[in-house]
Amino acid sequence: LWKEKCSEYEMLCSLDDLSSQTSNYKQHFLYSHKLESNWRYQSLRAPKYLKGHDDHVVTCLQFDGIRIVSASDDNTLKVWSAITGDLIRTLVGHTGGVWSSQLSGNTVISGSTDRSLRVWDADSGECLHVLQGHTSTVRCLAMHGNQVVSGSRDGTLRVWNFVQGILLHVLIGHAAAVRCVQFNGKKVVSGAYDYLVKIWDVESEMCLHTLSGHTNRVYSLQFNGIYVVSGSLDTSIRVWDAESGELLHTLLGHQSLTSGMMLKDHFLVSGNADSTVKIWDIITGKCLHTLSGPHKHLSAVTSLQFNSKFVVTSSDDGSVKLWDMKTGDFIRNLVELDSGGSGGVVWRVKCNDKKLVCAVGSRNGTEDTKLLILDFDVFRWSLSLDELLRDPQGVKVFLKHLEKEHSSENLRFWLACEEFRSCPLKKLKEKAEAIYNEFLSRKAIYQVNLDSKLMQTVREGTSNLNHFIFFPAQQEIFRLMKSDSYPRFLKSESYNLLRQESISPAQRGQRRGLLSMLTSPQHKV
Numbered sequence: 098l099w100k101e102k103c104s105e106y107e108m109l110c111s112l113d114d115l116s117s118q119t120s121n122y123k124q125h126f127l128y129s130h131k132l133e134s135n136w137r138y139q140s141l142r143a144p145k146y147l148k149g150h151d152d153h154v155v156t157c158l159q160f161d162g163i164r165i166v167s168a169s170d171d172n173t174l175k176v177w178s179a180i181t182g183d184l185i186r187t188l189v190g191h192t193g194g195v196w197s198s199q200l201s202g203n204t205v206i207s208g209s210t211d212r213s214l215r216v217w218d219a220d221s222g223e224c225l226h227v228l229q230g231h232t233s234t235v236r237c238l239a240m241h242g243n244q245v246v247s248g249s250r251d252g253t254l255r256v257w258n259f260v261q262g263i264l265l266h267v268l269i270g271h272a273a274a275v276r277c278v279q280f281n282g283k284k285v286v287s288g289a290y291d292y293l294v295k296i297w298d299v300e301s302e303m304c305l306h307t308l309s310g311h312t313n314r315v316y317s318l319q320f321n322g323i324y325v326v327s328g329s330l331d332t333s334i335r336v337w338d339a340e341s342g343e344l345l346h347t348l349l350g351h352q353s354l355t356s357g358m359m360l361k362d363h364f365l366v367s368g369n370a371d372s373t374v375k376i377w378d379i380i381t382g383k384c385l386h387t388l389s390g391p392h393k394h395l396s397a398v399t400s401l402q403f404n405s406k407f408v409v410t411s412s413d414d415g416s417v418k419l420w421d422m423k424t425g426d427f428i429r430n431l432v433e434l435d436s437g438g439s440g441g442v443v444w445r446v447k448c449n450d451k452k453l454v455c456a457v458g459s460r461n462g463t464e465d466t467k468l469l470i471l472d473f474d475v476f477r478w479s480l481s482l483d484e485l486l487r488d489p490q491g492v493k494v495f496l497k498h499l500e501k502e503h504s505s506e507n508l509r510f511w512l513a514c515e516e517f518r519s520c521p522l523k524k525l526k527e528k529a530e531a532i533y534n535e536f537l538s539r540k541a542i543y544q545v546n547l548d549s550k551l552m553q554t555v556r557e558g559t560s561n562l563n564h565f566i567f568f569p570a571q572q573e574i575f576r577l578m579k580s581d582s583y584p585r586f587l588k589s590e591s592y593n594l595l596r597q598e599s600i601s602p603a604q605r606g607q608r609r610g611l612l613s614m615l616t617s618p619q620h621k622v
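Numbering (this note's numbering), first residue to last: 98 to 622.
1. With the cut-off set at 7 Å, would you say Asp689 and Lys451 are in Cβ contact?
2. Can you tell me which of the three DSSP states Val492 falls into?
3. Would you mind giving the Cβ-Cβ distance between Gly441 and Ser459, rounded to the nearest angstrom? I have them listed as a contact below 8 Å.
4. Hey, Met422 and Val443 are a contact pair by Cβ (cut 8 Å); roughly how many whole angstroms apart?
5. Expressed to the nearest angstrom, what Euclidean distance is found between the alpha-carbon atoms of Val398 and Leu127?
6. Whose C-alpha, out of Phe259, Gly288, Val260, is nearest the C-alpha of Leu268?
7. Does DSSP put Phe126 in a helix, a strand or coil?
8. Quickly, what does DSSP pair Trp297 with across the bridge? List them, please.
9. Looking at Leu147 and Leu468, is the spacing between their C-beta atoms short of 7 Å?
10. Which two residues bound the contiguous alpha helix (DSSP H) that contains Gly558?
11. If I'm right that Gly342 touches His306 with Cβ under 8 Å, what's the distance once you round it to whole angstroms?
12. Give the DSSP-derived three-state secondary structure of Ser599 in the structure shown.
13. What would DSSP say about Gln571, mapped onto helix, strand or coil?
14. Are the beta-carbon atoms belonging to Asp330 and Arg314 less than 7 Å from one another?
15. Taking 6 Å as the limit between beta carbons, can you name the residues of its chain near Glu506, skipping five residues before and five after?
16. Determine the DSSP secondary structure at Leu482, reduced to helix, strand or coil.
17. For Asn243, which residues in the same chain have their Cβ closer than 7 Å to its Cβ, ignoring the five residues on either side in sequence?
18. Which of the three DSSP states, helix, strand or coil, is assigned to Ser134?
19. Per DSSP, which residues does Glu433 bridge with? Please list them.
20. Which stretch, first to last residue, makes up the beta strand (DSSP E) that contains Ser508?
21. Here's the rule I'm using: 16 or more other beta-carbon atoms within 10 Å means buried, otherwise exposed. How should Gln118 be labelled?
22. Can you check which of these residues, Asp171, His498, Glu500, Lys406, is closest to Gly194 by C-alpha distance?
23. Run through DSSP, which three-state label would Thr119 get?
24. What span of residues does the alpha helix (DSSP H) with Lys528 cover, start to end?
25. Taking 8 Å as the limit between beta carbons, can you name the residues of its chain near Glu223, skipping five residues before and five after?
26. What are the boundary residues of the alpha helix (DSSP H) that includes Tyr543?
27. With Ile334 and Ser356 assumed to form a contact (beta carbons below 8 Å), what rounded beta-carbon distance in angstroms separates them?
28. Which of the three DSSP states, helix, strand or coil, is assigned to Leu562?
29. In whole angstroms, what is the alpha-carbon distance linking Leu348 and Gly382?
30. What residue range is occupied by the uninterrupted beta strand (DSSP E) comprising Phe364?
31. By the 10 Å Cβ neighbour count, where 16 or more other Cβ atoms means buried, how is Asn631 classified, buried or exposed?
32. Return the first residue and the last residue of the beta strand (DSSP E) that Leu348 is part of.
33. So the candidates are Ala168, Leu388, Tyr583, Arg487; which of them puts its Cα closest to the Cα of Gly190?
34. Applying the 10 Å Cβ sphere with the 16-neighbour rule, what's the burial state of His503?
Here it is in structure tokens:
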């Protein structure tokens, strides 16, 4: 049932790591439900501010959940921890602005106005290879496996093995700058200022199809192996069959340059310089929703991301907005720069189900260049006692709280029983005696309260030693903690202080906190 619920509601988190146990699917459902609520309703936590690149423009942003890589026209890239916000490395070597980047594992690849690509180790900051051959700015990159395709203002594309640092193929055919590229390992799709989209076979270096129809420069592309979608300065978006090169649909409705698109399954989301965002079904060619109305962006859309639940958009107006993917309704503003409307810009956004990363700044000095990390994750400790005890930091905080209450004996006993179950056989008797003396004897330092029946079960078990002699007693202590000390912990000052550390001071007085959300009747599942 819980597995079906997870699939039915298209839960935000992946099910890949879960076993088929009902409790795991239930926990997953509850966690994802609360995570979605954090995005939709809950007061925003104070963001982490990552300052770097001085007052330069952040041209590229990559985020994989662990690392953030920002690139700038200051000639550098910076690698940050997405967990702590710390600057890990500054990648120095380019002699011109960095205008394209890719991140895969601990490999970063960058393209620059200095006409070169560089391959970096994100952990050490070492430049592994300098890939040279382009005669103008490297404007776009696409990685697949151990290969990367670069598109340049010199009108060519080059395919490289970035592990070995060697050139594999050169694709020649565009008559103007290549602005965007997609690559699936076998085919390259490129869009250029010559108004054309081309589909290439990598191995033969042959152009399989030239897709003509746009009447102005092509700025954006999406390619999923079946469909090619191109966005142009001519205001149109075109959907093509990748195998035949046939034009399937011309999507009309935008009034200006479509500079950003994202394609998942048959849904396309497009962001435009006309300040609107549209959601399309590329199978039918129909526009499902236009994200506009009284809450629409006030100037050009700069970046977007979406999943099955939400669309996140950023703009030159200094805001980041959250929309409902299914209805197209505006939900709320996630970022509103004080300098928005007077120069403040959100250049890029990247997100996963738990975090949103924004690159912000200005073109007139009204806003410092920086990255913002907004965290929407659920405090898992509040989901259940099981979740709390799975987390070593949670156990540490819970124990400290119980010590203040002079009631830590139950948790200490539970932890000792956990350790006992993995004890080597030759030390089993010694460990059993230690647990009995510390928790169960009349002179025990941390005496736990068990009824006579359970005490008798433990005594009988000591005559026939195995790893589970304390298990019934451990289960009873867990039940007691679940009904008594755990609820008290969730209401404690120590727990609430931890929650408040991640909420901005201005919001504390008015917020409906996560704790109240988890316990309110309307949010019970």
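All C-beta atoms in this analysis are idealised placements derived from N, C-alpha and C, irrespective of residue type, glycine included. Keep in mind that this is a model prediction, so the values were computed, not measured.
Quick look at the numbers:
1. Since the first and last residues shown for the chain are 98 and 622, residue 689 lies out of range.
2. Taking the first residue of the sequence shown as position 1, residue 492 is located at position 395. Residue state, collapsed to three classes: helix.
3. Within the sequence shown, numbered from 1, the residue matching residue 441 stands at position 344. Within the sequence shown, numbered from 1, the residue matching residue 459 stands at position 362. Contact flag correct, Cβ pair sits at about 5 Å.
4. On the sequence shown, residue 422 is found 325 positions in, with the first residue counted as 1. On the sequence shown, residue 443 is found 346 positions in, with the first residue counted as 1. No, Met422 and Val443 are not in contact; Cβ-Cβ is about 20 Å, not under 8 Å.
5. In the sequence shown, counting from the first residue as 1, residue 398 sits at position 301. In the sequence shown, counting from the first residue as 1, residue 127 sits at position 30. Answer to the nearest angstrom: the Cα atoms are 34 Å apart.
6. The sequence position of residue 268 within the sequence shown is 171, counting from 1. Here the closest residue by C-alpha is Gly288.
7. Here residue 126 refers to the residue found at position 29 when the sequence shown is read from its first residue. Of the three classes helix, strand and coil, the one that applies to Phe126 here is helix, per DSSP.
8. Numbered from 1 along the sequence shown, position 200 holds the residue referred to as residue 297. Residue pairing by DSSP puts Trp297 in a beta bridge opposite Val285, Cys304.
9. The sequence position of residue 468 within the sequence shown is 371, counting from 1. The sequence position of residue 147 within the sequence shown is 50, counting from 1. Contact: yes.
10. Taking the first residue of the sequence shown as 1, we reach residue 558 at position 461. For Gly558, the uninterrupted alpha helix (DSSP H) run begins and ends at 549 to 559, by DSSP.
11. Numbered from 1 along the sequence shown, position 245 holds the residue referred to as residue 342. Numbered from 1 along the sequence shown, position 209 holds the residue referred to as residue 306. Correct: roughly 3 Å between the Cβ atoms.
12. As a first step, residue 599 is located in the sequence shown; it is residue number 502 there, counting from the start. Unreliable positioning characterises Ser599 in this predicted model, as indicated by a pLDDT of 48, which lies under 50. A coordinate reading is not provided.
13. Within the sequence shown, the letter at position 474 stands for residue 571. DSSP places Gln571 in helix when its eight states are reduced to three.
14. The residue labelled residue 330 in the question sits at position 233 within the sequence shown. The residue labelled residue 314 in the question sits at position 217 within the sequence shown. Residue identity differs from the one stated: residue 330 is Leu in this sequence, not Asp. Cβ atoms of Leu330 and Arg314: closer than 7 Å.
15. Numbered from 1 along the sequence shown, position 409 holds the residue referred to as residue 506. Excluding sequence neighbours, Glu506 sits near Tyr543, Val545.
16. As a first step, residue 482 is located in the sequence shown; it is residue number 385 there, counting from the start. In the structure shown, Leu482 sits in a helix (DSSP, three-state: H, G or I).
17. Counting from one through the sequence shown, the residue named residue 243 turns up at place 146. For Asn243, where only same-chain residues beyond five positions count, the Cβ hits under 7 Å are Asn258, Phe259, Val260.
18. Sequence index remark: in the sequence shown, residue 134 carries index 37 (1-based). Here Ser134 sits in helix by DSSP.
19. If you number the sequence shown from 1, residue 433 lands on position 336. Answer by DSSP bridge pairing, in chain order: Ser416.
20. Within the sequence shown, numbered from 1, the residue matching residue 508 stands at position 411. Per the sequence shown, residue 508 should be read as Leu rather than Ser. Taken as a continuous stretch (DSSP letters only), Leu508 belongs to no beta strand (DSSP E), being part of the alpha helix (DSSP H) at 506 to 517.
21. Here the question's residue 118 lines up with position 21 in the sequence shown. In this prediction, Gln118 has a pLDDT of 42, which is less than 50 and means its spatial position is unreliable; nothing more can be read from the coordinates.
22. Locating residue 194 in the sequence shown gives position 97, where the first residue counts as 1. The shortest C-alpha separation from Gly194 is found at Asp171.
23. For this step, residue 119 is matched to residue 22 along the sequence shown. With a pLDDT of 43 at Thr119, under the threshold of 50, the predicted position of this residue should be treated as unreliable, and no value is reported.
24. Locating residue 528 in the sequence shown gives position 431, where the first residue counts as 1. Note, Lys528: alpha helix (DSSP H), 525 to 532.
25. Sequence index remark: in the sequence shown, residue 223 carries index 126 (1-based). Hits under 8 Å: Trp217.
26. Position 446 of the sequence shown, counted from the start, is the residue given in the question as residue 543. From DSSP, Tyr543 is part of no alpha helix (DSSP H); its letter is neither H nor E.
27. Start at 1 with the first residue of the sequence shown, and residue 334 comes out as number 237. Start at 1 with the first residue of the sequence shown, and residue 356 comes out as number 259. That pair is no contact at about 11 Å.
28. One-based indexing of the sequence shown puts residue 562 at position 465. Correct three-state label for Leu562: coil.
29. Start at 1 with the first residue of the sequence shown, and residue 348 comes out as number 251. Start at 1 with the first residue of the sequence shown, and residue 382 comes out as number 285. Near 6 Å, if we compare the C-alpha coordinates of Gly382 and Leu348.
30. The count along the sequence shown starts at 1 and reaches residue 364 at position 267. Residues 364 to 369.
31. The question about residue 631 has no answer, for the chain in this structure spans 98 to 622.
32. Locating residue 348 in the sequence shown gives position 251, counting from the first residue. Note, Leu348: beta strand (DSSP E), 344 to 348.
33. Here the question's residue 190 lines up with position 93 in the sequence shown. Among Ala168, Leu388, Tyr583, Arg487, the Cα nearest to that of Gly190 is on Ala168.
34. On the sequence shown, position 406 is the one that residue 503 refers to. So His503 counts as exposed.
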